[in-house]
Amino acid sequence: MRICSLELTNYRNYARAELRPCAGVTVLAGDNAQGKTNLLEAVYLCCTGRSHRTRQDRELIRWGEDFCRVAVEAERRDGTHTVEIAIPSAGRRKIRVNGSEISRSGELMGHVTGVLFSPEDLRLVKDGPAERRRFIDIAVSQIRPSYYYALQRYARALKQRNELLRTGNLETLESWDEQLARAGSEIMAARAEYIQRLSAAAARTHADIACEREALSIAYAPNVEDGDILAALRKAREVDVRRMTTSAGVHRDDVRFCVDGRELRLFGSQGQQRTAALSVRLAELDVIRAESGEAPVLLLDDVMSELDPERRRRLLSHLDGVQAIVTCTDIADIAGARAGLVLRVEGARLSQA
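Quick note on the numbering used here: the sequence shown kicks off at 214 and runs consecutively.
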């Protein structure tokens, strides 16, 4: 897959902008707060329907404007795919895929695929389980849109079940338990399969970037270990009624990242955590490529400055055969990347470097 163009209108600090990345490595160089990350965020928004920096659409709209628009055109083996997202300051966003407005956000998934690594990815290792579930959910949804709909069904059933627990109206609780269990079982199976594949790919990538000094492993830690969610819900019902919330299910799952058997969240240095997070993102790219037959676009936001020269060199070797858009403050940081296009970003303006 190759992104041919990105168009922005009233997005973040951009009034209007157009980016036409090359098929290989495109470098966006410039000082901080000039708009480099905003370009990567806009691409990622068209891939997943989400920003990696905010859940508030209003924050994406340029100050003083009442809407923003982002559009991506990509070439895939089966032809051209377009995604356009228009966000008003009041009302709901509108999404068009290949020229047609979609009614379900899941219809966006899989048309333009992307993997983003940013400084915030340290949260993937350091923060609580919600961050890791979110990572897995976005990754699986890009290659399996049916998973996205299972998440939606689960969220609706969980919301309804918690409402029944809060109000004490338990007549239909069993019915909602069954719906929650059906969607949850589908989610569990997909997560287990994906994490197994991700762990194998991440182990290989990490061994290369870390110069084979450490071994990375990833393990699924489901809340319901035996997989029988309905039985777990029934068993926890008395406690749930008392606490007025649902204590069992995939909304309490976790993913464990370990180096040499030691959990990174608890025992890893910041350098180990950063290398692991980067390895996981590159592994995500490999899994998407294996599943779809096409590599997603790789978005690297200010990664190079945080790596020592050897790890930087090893990372750059993974960009061969992949379309990548890389941001940096110093072009020297990406020496050896064989960049096909280098652009200077200054005050939300793009120019040839």
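Every residue, glycine too, gets a C-beta built ideally from N, C-alpha and C. All values derive from a computational prediction rather than experimental measurement.
Would you list the one or two residues that DSSP bridges to residue i?
i: S398; result: Answer is none; S398 lacks a bridge partner.
i: C471; result: S430 and E476
i: K448; result: DSSP, once it has assigned bridges, lists no residue as partnering K448.
i: T293; result: E288
i: G327; result: V510
i: T540; result: L241 and D514
i: V555; result: V240
i: V283; result: L221 and I298
i: I216; result: A287
i: E231; result: E220
i: K307; result: A299
Once the 5 residues before and after residue i are set aside, which same chain residues still bring their CB inside 6 Å of it?
i: L386; result: L377
i: P301; result: F280
i: A561; result: N226, Y227 and G248
i: D546; result: M517 and S518
i: L532; result: V238
i: R410; result: V500
i: A552; result: V238 and V240
i: R347; result: none
Is the Cβ-Cβ distance between residue i and residue j less than 8 Å?
i: A428; j: A416; result: yes
i: I538; j: L253; result: yes
i: G440; j: S398; result: yes
i: I349; j: Y407; result: yes
i: V558; j: A246; result: no
i: D514; j: L329; result: yes
i: A230; j: L563; result: yes
i: D499; j: A414; result: yes
i: A352; j: E497; result: yes
i: I544; j: L491; result: no
i: R524; j: T488; result: yes
i: A434; j: D467; result: yes
i: Y361; j: G319; result: yes
Between the options, which lies nearest to residue i when the distance is taken from Cα to Cα?
i: L529; options: T418, T459, I431 and R275; result: T418
i: V472; options: S359, A420 and E254; result: A420
i: V283; options: R290, G277, R289 and V310; result: V310
i: T250; options: Y224, P358 and G277; result: Y224
i: R527; options: C424, P301 and E391; result: C424
i: S388; options: M401, Q373 and I400; result: Q373
i: T540; options: R229, P234 and V240; result: V240
i: H324; options: P332, E333 and G312; result: G312
i: T542; options: E519, V535, V452 and E523; result: E519
i: G484; options: R268, D521, R369 and E286; result: D521
i: V285; options: L479, R456, T295 and S318; result: T295
i: S218; options: V468, E288 and W276; result: E288
i: N436; options: R469, M457 and H265; result: R469
i: L443; options: P332, G277, E391 and G481; result: E391
i: T293; options: I216, E438 and G304; result: I216
i: L371; options: R465, P358 and P332; result: R465
i: R233; options: W276, A303 and Q536; result: Q536
i: R456; options: E297, S359, S264 and N375; result: N375
i: R317; options: R494, E333, D291 and G262; result: G262
i: H265; options: P332, I274, W276 and D244; result: P332
i: P342; options: P358, A432, W276 and A550; result: A432
What three-state label does DSSP hand residue i in the structure shown?
i: V343; result: Per the sequence shown, the amino acid found at residue 343 is Ala instead of Val. A343 falls in the helix class under three-state DSSP.
i: R560; result: This sequence places Gly at residue 560; Arg is not what is there. Coil.
i: I274; result: strand
i: S313; result: strand
i: Q565; result: strand
i: C260; result: helix
i: V437; result: coil
i: L364; result: helix
Give me, in chain order, the residues of the same chain whose beta-carbon lies closer than 8 Å to that of residue i; leave out the 5 immediate sequence neighbours on both sides.
i: T326; result: M214, C260, Q355, I356, I501, S505, E507, P509 and V510
i: V454; result: L378, G381 and L383
i: S460; result: A449, V452 and D453
Tell me which same chain residues have a C-beta within less than 7 Å of the C-beta of residue i, skipping the five on either side of it?
i: Q486; result: L335, V338, K339 and L477
i: Y367; result: L393, A396, G397, I400 and V463
i: E344; result: R336 and L337
i: Q565; result: L556
i: S430; result: S412, A416 and C471
i: K307; result: A299 and E314
i: C235; result: G553 and L554
Let me check you understand the geometry: is the CB of residue i closer than 7 Å to at least one non-hydrogen atom of the ligand ADP?
i: T385; result: No copy of the ligand ADP appears in this structure; indeed no ligand is present at all.
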